[in-house]
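Letter by letter, the sequence shown follows residues 190 to 555 in the working numbering.
Glycine included, each C-beta is placed from N, C-alpha and C at the ideal position.
Every value quoted in this text rests on a predicted model; they were computed, and no experiment measured them.
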Amino acid sequence: MGNEDSRQVRTILIFRIGQLGDTLLSLPAIRAIRQRHPSHRMVLLTERQPPGSGYVSSWDVLEPTGWFDEVMFYTSAPTLQGKLSTMFSLAKRIRALRPDFIYNLAPERTLRQSRRDRFFFKWVAGAKEYRGGGLLIKSSKNMNGVLPRFDPEWRRLLHVIGMDAELANFRLPIPEKERLRAQQLIREKALDDGDQLLAVGPGSKMPAKVWARDRFREMGRRLLEIYPDTHLLVMGGKEDVTLGDELCVAWGRRSCNLAGRLSVYGSAAVLQRCLAYIGNDTGAMHLAGMVGIPCVALFSARDYPGQWEPYGEGHVILRHETECAGCLQTVCPYDNKCLDLISVDEAIHAVRDVVTSQGTWSVARA
């Protein structure tokens, strides 16, 4: 599609749901849509997160980009009657916009969901042009018991909108005020511009994604011995504050707990100062990828490999397959045994590979 005449196309609606990581992975596709339609009004359709949930909404991430002119929220209803009421109310609001294009950037759908979405957006909501895709077709394990690898979500979404993923070169735009706030916080923590910083993400809202805290404790202790000029920064949300405090007490003065202290973009600004990120599959990991920081990502085997890996190049993904891989469990009934297979030695080795590639780290002499 080319850049259509603004007199013919007035409004574009983008449907995207999810939390921090999901939204971050949609950014390359959304930027491409904005570039494709530079003079048109762009409206985001997304769900409203439950009050007090602590979840980062899509709008929290997307509003500061300046790409959108408006947001349209809806609230999921628990009953069939409520769902129908929400659907028809939403259709009325969308029709009032008279959108010429609707891009459906929702996560992969079953065939039934995909047909439902197309029917709703094109016939009920009245979109002249509709683009969506990504059927949920997940193959079973191969003869060796290994799940097939999937394209990363950011790449899939670029294919959905008809863009060659190889042409994407994305960096998260960070507002200047957030950059200044991050610099101020770093100075408050007595960190200098020349200090070597390593970000650590030990938490997650999903217990099945969490590597053991005693392994984070041991890994951090050893990294501080190996790299005497390095400081460890704990990154995460408010739910990670207690864990971050515990780890920093164990690591000592060359560590700092920033969990819960910064906004999404403030965290991105701090991560941009770091030479690498090591931690769980979290929003902080995706933020690191979006600002071009290499990640040592500790992945459970609960989902298919590849799909939720961070954006960009130079990452090291640590993941071990188990007979229960692909379970999609939120809480693992087997004590996170797939993550337990990732040893501290393996993590240290991966970090050393990543930081060596940076070429600027000082190492303790034996």
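Separation of the CB atoms of Glu-365 and Val-533 is rounded to 39 angstroms, and the pair is thereby denied contact status at 8 angstroms. Shown here for Ala-448: same chain residues with a beta carbon closer than 6 angstroms to its own, the five before and five after excluded, namely Val-423, Gly-425, Asp-429, Val-430 and Gly-433 in chain order.
By the CB criterion at 8 angstroms, Gly-241 and Thr-471 fall outside the cutoff. Counting of Cβ neighbours within 10 angstroms places Pro-267 among the exposed residues, the total staying below 16.
One Cα belongs to Pro-239, the other to Lys-394, and the distance between them is close to 15 angstroms. Taken through DSSP and simplified to helix, strand or coil, Glu-318 comes out as strand. Within the DSSP secondary-structure output, Ile-203 pairs in a beta bridge with Leu-233 and Tyr-292. Within its own chain, the residues whose Cβ lies closer than 8 angstroms to the Cβ of Ser-489, once the five positions on either side in sequence are excluded, are Ala-397, Lys-398, Asp-470, Arg-508, Cys-521, Asn-525, Cys-527 and Leu-528, listed in chain order. Under the 10 Å beta carbon count, Asp-403 is surrounded by fewer than 16 other beta carbons and is classified as exposed.
Val-505 sits buried, since 16 or more C-beta atoms from the chains shown fall within 10 Å of its C-beta. In this structure, Ser-456 sits away from Leu-421, with a CB-CB distance that is not shorter than 8 angstroms. Taking the Cα positions, Trp-248 is about 12 angstroms away from Tyr-263. Rounded to whole angstroms, the separation of the alpha carbons of Ser-329 and Ala-486 is 24 angstroms.
The beta carbon of Met-474 sits closer than 8 angstroms to the beta carbons of Gly-210, Gly-390, Tyr-466, Gly-468, Cys-484, Ala-486 and Pro-499 from its chain, once the five residues preceding and following it are set aside; these are given in chain order. Just measuring C-alpha positions, the residue of Gly-503, Leu-476, Ala-514 and Gly-478 sitting nearest Tyr-493 is Ala-514. Val-485 is bridged by DSSP to Ile-467 and Val-505. For His-226, the secondary structure class from DSSP, reduced to helix, strand or coil, is coil.
With respect to Val-349, Gly-322 sits close: the two C-beta atoms are nearer than 8 angstroms. Here the C-alpha atom of Tyr-523 lies approximately 12 angstroms from the C-alpha atom of Arg-491. Counting only runs of 4 or more residues that sit fully inside the region 346-424, the alpha helix (DSSP H) segments are 365-377 and 402-415, in chain order. Per DSSP, Tyr-500 has no beta-bridge partner at all. Taking 8 angstroms as the cut-off, the beta carbon of Leu-233 is found closer than this to the beta carbon of Met-261.
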